[in-house]
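Please read the structure below before turning to the comments.
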Amino acid sequence: MVTVVLLPGMDGTGDLFATFVTALGPSIRTVVVRYPTQSPLGYQALEAVARQALPQDGPYVVLGESFSGPIALSLAASCPPGLAGVVLCATFATNPMPLLRPVSALAAITPFELAPAWLVRKLLMGRHTSPELGRLLRAALAKVSGAVLRARAGAILRVTWSPSFALCKCRCCTCKPRTIA
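As structure tokens, then:
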């Protein structure tokens, strides 16, 4: 049986995967990676967290959602045993907001926890969201310290394409968001 390893978005809780895991059903084994919510870690340290969650007992596919796309690509480039494929979902391999790179240091002092709900939804989910997803996101973000959110926002603004990503020898596919009525 193939396992699906789910790497979460910026909140890092994995909570937003609950509906997806339920929809997959019991016939598909899933591993939801959860990043620390109180320790501000960069991409390299979070990759180590994800790497520890990789199954050792058979083939698996890694799904990197949003913030975790660079982690999924880096894992794939290292060709770990058992990796059968990578799915990149609503994500990026380089800073998705390049105009903000010069002010990336401001992420360290931005009070994300005080941002209005509509702005958080817009920044993290774009226009492809719903009020219910917005509520779920807000609940997940409430579990994450402001320092962690600031560190992750800064990491996003500094991430750059790595030629090592091209070393991936497994199958890859991308999923782009769309509105579901």
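Anchor point for the sequence shown: position 126 equals 487 in the working numbering, and the numbering is continuous, going up by one each time.
The beta-carbon is built from N, C-alpha and C at its ideal position, and this holds for glycine as well.
In this text, all values refer to a predicted model and were calculated from it rather than measured experimentally.
8 Å contact criterion, which residue i and residue j should meet: CB distance rounded
| i | j | result |
| --- | --- | --- |
| Asp372 | Val505 | 6 Å |
| Leu402 | Ala503 | With a Cβ gap of about 19 Å, Leu402 and Ala503 do not count as contacting. |
| Leu367 | Thr391 | 6 Å |
| Arg453 | Leu510 | Sequence check: residue 453 is Phe here, not Arg. Incorrect: roughly 18 Å between the Cβ atoms, too far for contact. |
| Ala317 | Leu518 | Given a span of 362 to 542 for the chain in the structure shown, any question on residue 317 remains unanswerable. |
| Thr455 | Val382 | The pair is not a contact, with the Cβ atoms about 29 Å apart (cut-off 8 Å). |
| Tyr404 | Ala516 | 5 Å |
Spatial distance of residue i from residue j (CA atoms)
| i | j | result |
| --- | --- | --- |
| Leu407 | Ile432 | 8 Å |
| Thr380 | Val363 | 19 Å |
| Val447 | Gln399 | 28 Å |
| Cys534 | Leu434 | 11 Å |
| Leu475 | Gly443 | 42 Å |
| Arg496 | Trp479 | 10 Å |
| Ala466 | Pro420 | 40 Å |
| Cys536 | Ile470 | 32 Å |
| Ala437 | Cys531 | 7 Å |
| Ala514 | Arg482 | 14 Å |
| Asp418 | Pro459 | 40 Å |
| Glu493 | Trp522 | 33 Å |
Counted within 10 angstroms of its Cβ, other Cβ atoms place residue i as buried (16 or more) or exposed
| i | result |
| --- | --- |
| Leu528 | exposed |
| Ser427 | buried |
| Ala445 | exposed |
C-beta contact flag for residue i and residue j at 9 Å
| i | j | result |
| --- | --- | --- |
| Val423 | Ile389 | no |
| Gly386 | Leu485 | no |
| Ser439 | Val394 | no |
| Gly487 | Leu449 | no |
Give a yes or no on contact between the stretch 409-421 and the stretch 489-502, applying the rule of three or more CB pairs nearer than 8 Å. no
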